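Residue numbers (the numbering used here), protein chains in the order written: chain A, 184 to 654; chain B, 184 to 654.
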């Protein structure tokens with residue numbers, strides 16, 4: 184036993200003050216230095232693990248030893264998502280107020296399964312999710328003050344699962360799933376297929392509808408597929424439209440899709456995981472088109488709204504379908520507030536029972552930035568992206584692979600797949616930036632996503648310089 | 184705009200240092216004072232919300248204003264799960280090293296969906312989950328170095344869902360669910376029913392098997408139910424055994440249940456959400472009996488192992504069934520490390536795609552306490568519980584309602600439901616402690632769960648004094 188650990192083994196409040204100060208300082212320095220690290224970790228499989236003991240320690244170790252391993256072993260194995268030179272996948276931008284909001288949640292250590300177990304957690308979540316309706320100009324049907332409401336989920340994958348479950352409950356309350364059919368575009372996120380399978384439907388019950396030249400779902404193809412399935416005696420029940428596909432930010436025509444859904448009584452879910460945040464900017468509210476006719480909606484503040492994972496906002500227009508799908512009530516959870524129907528019990532709004540106080544971080548982010556600050560940054564990211572688009576268009580060696588309406592550019596070297604693969608590999612190996620790829624029109628395509636908290640014009644310029652130089 | 188918020192709207196690293204110090208101090212003071220707060224919040228529905236603005240702020244607000252609202256509005260609406268006088272539901276004990284581990288995870292802000300997106304996150308998780316096998320004396324089949332392995336899930340509800348999905352995949356890889364039947368005891372956690380429904384099975388396909396006088400599943404009743412279903416042409420596929428039921432810590436006879444499962448080829452999942460932690464103490468390893476024949480297992484360090492939510496450890500003996508149930512591979516997630524099969528991609532081990540670096544906090548807890556420290560505290564909680572059991576047995580006005588093998592006592596006043604309800608209400612209204620209830624043998628029963636980080640003998644004594652005085 185060391186001097187750092189008292190006989191009780193617990194970390195005392197004073198020790199927590201001391202070590203907490205060290206951790207805060209470590210993170211502040213990380214924020215200051217993250218730009219200088221190679222963005223993509225270059226460790227080999229197994230390299231991190233083999234530097235750590237194979238078995239747990241018998242005796243307490245000083246906190247300093249753990250922090251030393253963090254620097255020595257963990258940090259070299261980290262791909263720096265918070266680097267301003269991280270342009271891969273999607274942004275996962277975080278911020279000081281979000282980190283501190285999450286810290287307060289950990290410090291309070293409360294469980295929000297029921298209103299009664301933590302009233303403030305439930306009510307703050309309901310309030311903040313209503314704030315977000317205002318902030319993004321979402322339809323009023325998603326407000327908790329009517330028949331709908333919002334809830335924080337861990338991810339868009341889980342939110343979309345809940346949408347599938349609510350739709351399935353409406354179509355087949357007894358879980359007789361025979362003949363149920365779901366629809367999404369062939370460019371939709373892989374989680375739609377995963378969620379449909381989780382919900383017990385065979386993979387063949389998901390129709391992936393073809394897209395147009397902009398990679399957006401063709402509503403006439405959707406209508407034809409639904410009608411063919413109806414004619415075959417099947418039971419169409421669910422459509423997932425995407426506003427901002429993962430691959431290329433394609434925006435499905437939600438109003439035309441809503442026409443099909445209304446005609447045939449299908450549940451319409453809109454997945455705007457990354458792109459939804461754009462709606463804090465009034466001139467970008469085209470991402471909300473048709474949303475007033477959707478049954479459910481989700482977007483991720485943990486992608487592009489300065490809030491660290493996990494924080495997906497999931498909304499339903501009719502909360503009774505969601506609760507009907509997910510509610511079970513054992514004796515040990517019965518309580519007066521719930522039985523009177525006066526409160527929301529979020530355990531009935533998702534799969535897990537327990538839940539952290541996740542609303543705190545989103546509340547803190549919104550209060551720290553204000554609507555004004557959030558607008559400023561989202562607008563700036565989109566403007567930077569549009570500058571990059573212009574640079575790509577002005578260079579003969581490159582071409583845009585898809586429209587870039589928001590903060591993701593899909594482009595490629597005209598030299599073909601092999602050239603693009605080499606370009607991608609060399610860019611990533613340089614450590615100076617991190618990009619990922621997709622395939623569009625069956626051609627290898629580079630994706631450059633702009634949305635990290637501290638990405639400035641100079642980072643995008645440097646990235647483009649390097650891409651051009653390597654080309 | 185205030186002086187606290189620079190023109191960029193972002194919180195600078197220096198501002199983060201300053202506010203971070205405030206938050207650390209706030210939490211340290213909370214740790215020091217939590218014992219003095221009324222344990223159960225007494226706010227009325229709507230009271231928290233109405234003290235906050237109905238719409239989001241247009242302009243940035245100073246961090247101090249948010250912290251002031253935390254004290255003024257949020258704290259009175261919080262039920263203090265970290266109070267040493269919290270004896271309700273289950274412990275959700277946290278600790279300094281866990282809070283700081285989670286803080287580091289937020290500060291790094293990395294996404295662990297694939298090994299390639301954050302090698303250290305994946306490898307540390309695999310290592311720590313292997314450490315836990317050692318720490319708890321779990322069977323070797325759950326080690327990642329063989330065919331099995333562990334993963335951190337958000338909750339036992341989600342872990343059990345994954346067990347159902349893996350079992351369903353093994354029994355019906357094409358999701359032809361007709362006739363599938365699952366089994367658990369009538370005392371099992373409500374999440375089993377929820378998970379079976381999520382997985383697309385009708386509620387009627389879950390058999391809740393009767394329990395014995397100790398509230399443990401009767402294996403002969405299970406065998407009879409399975410045989411009857413087979414005779415009726417149905418397809419039994421999944422059994423969930425519980426080690427430590429939520430209601431009364433009943434321990435299902437896992438070895439006898441495993442006999443039934445082996446005989447008929449059923450997937451055996453063992454849910455030890457709270458009680459699993461007991462196995463850090465060698466003399467309490469009866470909780471692992473029969474586990475070497477289970478297909479999957481879960482327990483929650485976020486309940487009784489000083490690790491804050493969310494941290495459920497979920498193990499499978501054959502990871503291929505789990506991955507088969509949950510894997511989908513879109514182009515934008517393809518990468519060399521995954522294709523070579525050299526690494527684990529945890530996105531295929533649960534429903535969400537994105538994931539936090541949750542292994543950090545568990546790693547820090549184990550290193551801070553060492554096996555020695557964890558044993559010390561779990562042993563102490565069980566010993567305190569056994570003292571309380573003796574006090575209850577010595578008082579004629581009270582009776583035990585169930586065996587108390589670990590850290591939960593179910594008891595009641597002999598005066599009947601009405602007396603017990605009044606007792607419960609008055610105890611909770613006192614603010615001095617918080618208990619919850621269950622029903623056993625159709626009689627209202629008080630539950631007293633001992634496992635908060637700072638619960639000492641004096642808190643249990645004071646609780647019992649108050650109970651006796653009120654009685």
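Even glycine gets a Cβ: it sits at the ideal position worked out from N, Cα and C.
What you are looking at is a predicted structure, and each value in this text was computed from that prediction instead of being measured.
Residue i: first and last residue of the uninterrupted beta strand (DSSP E) it sits in
i: residue 421(A); result: 418-425
i: residue 624(B); result: Per DSSP, residue 624(B) belongs to no beta strand (DSSP E) and is neither H nor E.
i: residue 368(B); result: 363-368
i: residue 389(B); result: 389-392
C-beta contact flag for residue i and residue j at 8 Å
i: residue 534(B); j: residue 340(A); result: yes
i: residue 202(B); j: residue 488(A); result: no
i: residue 288(B); j: residue 492(B); result: no
i: residue 260(B); j: residue 303(A); result: yes
i: residue 192(B); j: residue 559(A); result: yes
i: residue 243(A); j: residue 638(A); result: no
i: residue 551(A); j: residue 194(B); result: yes
i: residue 473(B); j: residue 500(B); result: no
i: residue 232(B); j: residue 310(A); result: yes
i: residue 536(A); j: residue 296(A); result: yes
i: residue 409(B); j: residue 381(B); result: no
i: residue 496(B); j: residue 332(B); result: no
i: residue 642(A); j: residue 629(A); result: no
i: residue 640(B); j: residue 504(B); result: no
i: residue 387(A); j: residue 426(A); result: no
i: residue 660(A); j: residue 506(A); result: With chain A running from 184 to 654 in the structure shown, residue 660(A) is simply not present.
i: residue 228(B); j: residue 519(A); result: no
i: residue 257(A); j: residue 290(B); result: no
i: residue 549(B); j: residue 318(B); result: yes
i: residue 561(A); j: residue 200(B); result: no
i: residue 360(B); j: residue 360(A); result: yes
i: residue 171(B); j: residue 262(B); result: A question about residue 171(B) goes unanswered here, because the residues of chain B that appear run from 184 up to 654.
i: residue 271(B); j: residue 618(B); result: yes
i: residue 285(B); j: residue 544(B); result: yes
Start-to-end residues for the alpha helix (DSSP H) that takes in residue i
i: residue 211(A); result: 196-216
i: residue 246(A); result: 246-252
i: residue 336(B); result: Taken as a continuous stretch (DSSP letters only), residue 336(B) belongs to no alpha helix (DSSP H), being part of the beta strand (DSSP E) at 332-336.
i: residue 575(B); result: 542-576
i: residue 279(B); result: 279-291
i: residue 405(A); result: 402-414
i: residue 375(A); result: 373-381
i: residue 447(A); result: 437-447
Whole-angstrom C-beta distance between residue j and residue i, which should lie under 8 Å
i: residue 221(B); j: residue 358(A); result: That pair is no contact at about 43 Å.
i: residue 419(A); j: residue 364(A); result: 5 Å
i: residue 463(B); j: residue 557(B); result: 5 Å
i: residue 374(B); j: residue 398(B); result: At roughly 18 Å, the Cβ-Cβ gap does not stay under 8 Å, so residue 374(B) and residue 398(B) are not in contact.
i: residue 606(A); j: residue 654(A); result: 6 Å
i: residue 269(B); j: residue 350(B); result: Actually they are not in contact, since the Cβ atoms of residue 269(B) and residue 350(B) sit about 35 Å apart, beyond 8 Å.
i: residue 651(B); j: residue 626(B); result: Going by Cβ atoms, the distance from residue 651(B) to residue 626(B) rounds to 20 Å, so no, they are not a contact pair.
i: residue 597(B); j: residue 581(B); result: 7 Å
i: residue 649(B); j: residue 294(B); result: Contact doesn't hold; Cβ gap of about 48 Å is too wide.
i: residue 461(B); j: residue 483(B); result: Rounded, the Cβ-Cβ distance is 12 Å, inconsistent with contact.
i: residue 372(B); j: residue 454(B); result: 6 Å
i: residue 417(B); j: residue 362(B); result: 5 Å
i: residue 265(B); j: residue 635(B); result: 7 Å
CB contact check: residue i to chain E, cutoff 8 Å
i: residue 264(B); result: No chain E appears in the structure shown, which is made up of the protein chains A and B.
Identified DSSP bridge partners for residue i
i: residue 581(A); result: 596(A)
i: residue 454(A); result: 425(A) and 481(A)
i: residue 431(B); result: The partner list for residue 431(B) (beta bridge, DSSP) is empty, contrary to what the question assumes.
i: residue 642(A); result: According to DSSP, residue 642(A) bridges with nothing at all.
i: residue 617(B); result: 269(B)
- Message: To test your reading of the DSSP string, which unbroken beta strand (DSSP E) runs of 3 or more residues are found completely within the stretch 461-523 of chain A?
- Response: 479-482 and 495-499
- Return the chain-ordered ranges of every beta strand (DSSP E) run that is complete within the stretch 294-349 of chain A and spans a minimum of 3 residues. List check, beta strand (DSSP E) in window: 332-336.
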